[in-house]
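> One line per chain: the protein sequences are A and B, in this order.
Oh and the first sequence: position 214 is 214 in our numbering, straight run, nothing missing.
Oh and the second sequence: position 289 is 535 in our numbering, straight run, nothing missing.
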Amino acid sequence: MRRAAWLGAEILAFLAALWAAPRAERLWSALFPEVSRPTYQQESWFTLLGSHLALSLLAVLIAAALAVPAGILATRRRGRRFRPVLDAVFALAQSLPPVAAVAVALPLLGFGAAPTLLALVLYAALPLLRATASGLEAVPADALEAARGLGLSPFQRLAQVELPLARPVLLSGLRVAVTLSVATTAVGAIAGARCLGTPIISGLANANPAYVLQGALFTAWLALLLDRALGLLAAEGGSRMGELVA
Amino acid sequence: MIRFEGISHRYGSVQALREVSFGVPQGSLCVLLGESGSGKSTLLRTVNRLVEPSAGRVLLGGRDVAGTDPQALRRGIGYVIQSVGLFPHRSVGENIATVPRLLGWDARRIALRVEELLEMVGLDPGTYRDRLPGTLSGGQAQRVGLARALAANPPVLLMDEPFSALDPGTRRGLQAALRRIHAGSGKTILMVTHDVEEALALADRIAVMDDGRLAVEGPPLEVLGRHAPATVRRMVRAEVLAFHRLAALRAADSALPGPAPGAPVLPEGATLRDALLLMLGHGADRVALMGEAPRHVTLAALLAASGSGG
Chain A
1 MRRAAWLGAE ILAFLAALWA APRAERLWSA LFPEVSRPTY QQESWFTLLG
51 SHLALSLLAV LIAAALAVPA GILATRRRGR RFRPVLDAVF ALAQSLPPVA
101 AVAVALPLLG FGAAPTLLAL VLYAALPLLR ATASGLEAVP ADALEAARGL
151 GLSPFQRLAQ VELPLARPVL LSGLRVAVTL SVATTAVGAI AGARCLGTPI
201 ISGLANANPA YVLQGALFTA WLALLLDRAL GLLAAEGGSR MGELVA
Chain B
247 MIRFEGISHR YGSVQALREV SFGVPQGSLC VLLGESGSGK STLLRTVNRL
297 VEPSAGRVLL GGRDVAGTDP QALRRGIGYV IQSVGLFPHR SVGENIATVP
347 RLLGWDARRI ALRVEELLEM VGLDPGTYRD RLPGTLSGGQ AQRVGLARAL
397 AANPPVLLMD EPFSALDPGT RRGLQAALRR IHAGSGKTIL MVTHDVEEAL
447 ALADRIAVMD DGRLAVEGPP LEVLGRHAPA TVRRMVRAEV LAFHRLAALR
497 AADSALPGPA PGAPVLPEGA TLRDALLLML GHGADRVALM GEAPRHVTLA
547 ALLAASGSGG
């Protein structure tokens, strides 16, 4: 409960900082005296935050829609032979640097959010696949044997026994994917996607280090906040399991 | 109730079962006895179709199980395994309610049944219903496993080495609970074990498996008697077998009339093994029997009854 209250306070602080950013002219002038217009005024920081979050969370959602079923398939008896293929495909996707993925996607998908989304999906899918597969593989064999012997259908075993038991591992994979995706979304600004990386690109193009610092600061802060929030969620989900250890 | 007809099964190159045929009468507690790798677990698992035999058929209440829906079949058969397999994310009560929930019972009926079952297996419902499996001892967990298997009141119970992982005291407690449940319900129970003592303590039929074959099948004292098959003699020394056999014989059946002054007194319903242990403990060659008329059991009578004497 106290951890949730702390997190709430931190989110408020983050939003307050976003609100204050275009109004803190004197602070940024003091830090970057050589820059004539040190605060980013082109767009509201809240607009940037909104589209940044929409882009990165949509990417995680699409990645989950691909990777979770793939992870389930790879752990079924019939799908086990696909496991090495799936692993290789998703590892290849992740080994591609996001900048390169965006660059490759540009001529196909044009400027804007689409190439960024593609790069993010490729990037977030591997941790989700790994987490799904290893979470399902860690389900105790005796519980599965009992579930089969008691007459649970394959789908009931998955929904009532395997996925609930794999949940802590799945949530930790989701946490990695979200953090990675939020941090990487900033790269999308190169392709013209509107996000917290936009001021960074704008600052780099216009020799304005104040913009770069502001964009980087808020991107990193957002990623850390989401990591903490998902950590809290995982801890809450795991608290029932925690009684086992206690 | 259960009939095996020419069951054979191969796992790859391993011949696990070779033309096994016998029947388990309704209401009996039949123990499948054998060394590990003898095929006894595989045979047990053909009944609820966790193993589909390569040849032969299993009849349950006269119906070939191969023609039934496996999920529906399993919901009608209790199943208990050595490693228990409670669902760690569900409470004791929810674990027990698994099959009734699958069968669509209403919540009130399930709650009543859970309470009844916890009492039946000797666990206080108020204390244990909401506990998670991880907080239970091995013996408590297997009591819950037994309750879960009995939840929908199946006529047949399959048990795969249910008590083998428990310490001797806990094992005896669970054996007593099972005997009580069997006597009170008339269920047909098929149980796998490698423990001859357990087989003698529980079974009214014993089937001995050896290298995938049925070596012998029949009442315990016949199967494990002086002419026990080689596979049984390999599993347990003849003297130990003779000692365990005493547990299947009631002391009252070997009693002689007349008092035995100064001899230790055996409680009613005791077995000849209890009598022998009491003699050993007191250095006596006879024990008196509790009851209306004065009766006693002598060492000579005991040896004669055991069939191990001259």
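Idealized CB from N, CA, C, for every residue including glycine.
All values derive from a computational prediction rather than experimental measurement.
1) Indicate whether Leu577 (chain B) and Ser500 (chain B) have their beta-carbon atoms separated by less than 8 Å.
2) How would you call Arg175 (chain A), buried or exposed, if buried means at least 16 neighbouring beta carbons within 10 angstroms?
3) Count Cβ pairs between the stretch 340 to 357 of chain B and the stretch 391 to 406 of chain B that sit closer than 8 Å; are there 3 or more?
4) Where Glu281 (chain B) and Gly350 (chain B) are concerned, what is the direct C-alpha to C-alpha distance, given to the nearest angstrom?
5) Excluding sequence positions up to five away, which residues of its chain have a Cβ less than 6 Å from the Cβ of Ile327 (chain B)?
6) Identify, in the order they occur along the chain, each residue of the same chain with its Cβ nearer than 8 Å to the Cβ of Arg37 (chain A), setting aside the five sequence neighbours on each side.
7) From the DSSP secondary-structure annotation, give me the bridge partner or partners of Arg451 (chain B).
8) Against chain B, does Val161 (chain A) count as a neighbour if the rule is that its beta carbon must be under 8 Å from one of theirs?
9) Label Thr116 (chain A) either buried or exposed according to how many other C-beta atoms from any shown protein chain fall within 10 Å of its C-beta, with 16 as the threshold for buried.
10) Is there contact here, the stretch 540 to 555 of chain B with the stretch 484 to 500 of chain B, by at least three beta-carbon pairs under 8 Å?
11) With a threshold of 8 Å, are at least 3 pairs of Cβ atoms found where one atom belongs to the stretch 141 to 155 of chain A and the other to the stretch 87 to 96 of chain A?
12) Closer than 9 Å, Cβ to any Cβ of chain B: which residues of the stretch 9 to 28 of chain A, in chain order?
13) When you compare the CB positions of Gln388 (chain B) and Pro408 (chain B), do they come within less than 8 Å of one another, or not?
14) Is the distance from the Cβ of Leu306 (chain B) to the Cβ of Gly285 (chain B) below 8 Å?
15) What residue range is occupied by the uninterrupted alpha helix (DSSP H) comprising Ala393 (chain B)?
16) Under 8 Å by Cβ, that's how I've got Leu446 (chain B) and Arg491 (chain B) pegged, so tell me the actual separation to the nearest angstrom.
17) Tell me the rounded alpha-carbon separation between Leu404 (chain B) and Arg472 (chain B).
18) Taking a cut of 8 Å between CB atoms, which residues from the stretch 331 to 342 of chain B lie near chain A?
19) Return the chain-ordered ranges of every alpha helix (DSSP H) run that is complete within the stretch 471 to 555 of chain B and spans a minimum of 4 residues.
20) DSSP on Ala411 (chain B), reduced to helix/strand/coil?
21) My guess is that Val304 (chain B) and Val293 (chain B) are in contact by the Cβ rule of under 8 Å, so how many angstroms apart are they, rounded?
22) Does chain B have any CB closer than 8 Å to the CB of Arg194 (chain A)?
23) Tell me the DSSP secondary structure of His52 (chain A) in three-state form.
24) In angstroms with no decimal places, state the Cα-to-Cα distance between Ala193 (chain A) and Phe111 (chain A).
25) For Glu34 (chain A), which of helix, strand or coil comes out of DSSP?
26) Based on DSSP bridge pairs, tell me the residues matched to Thr434 (chain B).
27) Could you confirm whether any beta carbon from chain C is found closer than 8 Å to the beta carbon of Val511 (chain B)?
28) Just the C-alpha distance for Gly322 (chain B) and Met455 (chain B), rounded to the nearest angstrom, thanks.
29) Helix, strand or coil: which one does DSSP assign to Ala88 (chain A)?
30) Restricting to Cα atoms, I'd like to know which of B:Gly553, B:Pro503, B:Gly339 is closest to Val533 (chain B).
31) Between Val68 (chain A) and chain B, is there a C-beta pair that is closer than 8 Å?
32) In terms of alpha-carbon separation, which member of B:His335, B:Gly339, B:Leu279, B:Gln261 lies closest to Gly380 (chain B)?
33) Residues in its own chain within less than 8 Å of Leu18 (chain A) by CB, not counting five upstream and five downstream?
34) Is the beta carbon of Leu487 (chain B) closer than 8 Å to that of Leu470 (chain B)?
35) If we require 4 or more residues per run, which alpha helix (DSSP H) segments fall completely within the stretch 154 to 240 of chain A?
Based on what the coordinates show:
1) Chain B is shown only over 247 to 556; residue 577 (chain B) falls outside these bounds and no answer can be derived.
2) buried
3) yes
4) 40 Å
5) Asp406
6) Asn208
7) B:Cys276
8) yes
9) buried
10) yes
11) no
12) none
13) yes
14) no
15) 384 to 396
16) 7 Å
17) 29 Å
18) Gly331, Leu332, Phe333, Pro334, His335
19) 476 to 481, 484 to 491, 518 to 528, 545 to 552
20) coil
21) 6 Å
22) no
23) helix
24) 7 Å
25) coil
26) B:Val402
27) The question asks about chain C, but that chain is absent: this structure's protein chains are A and B.
28) 26 Å
29) helix
30) B:Pro503
31) no
32) B:His335
33) Trp45, Phe46, Leu49, Phe218
34) yes
35) 163 to 185, 198 to 205
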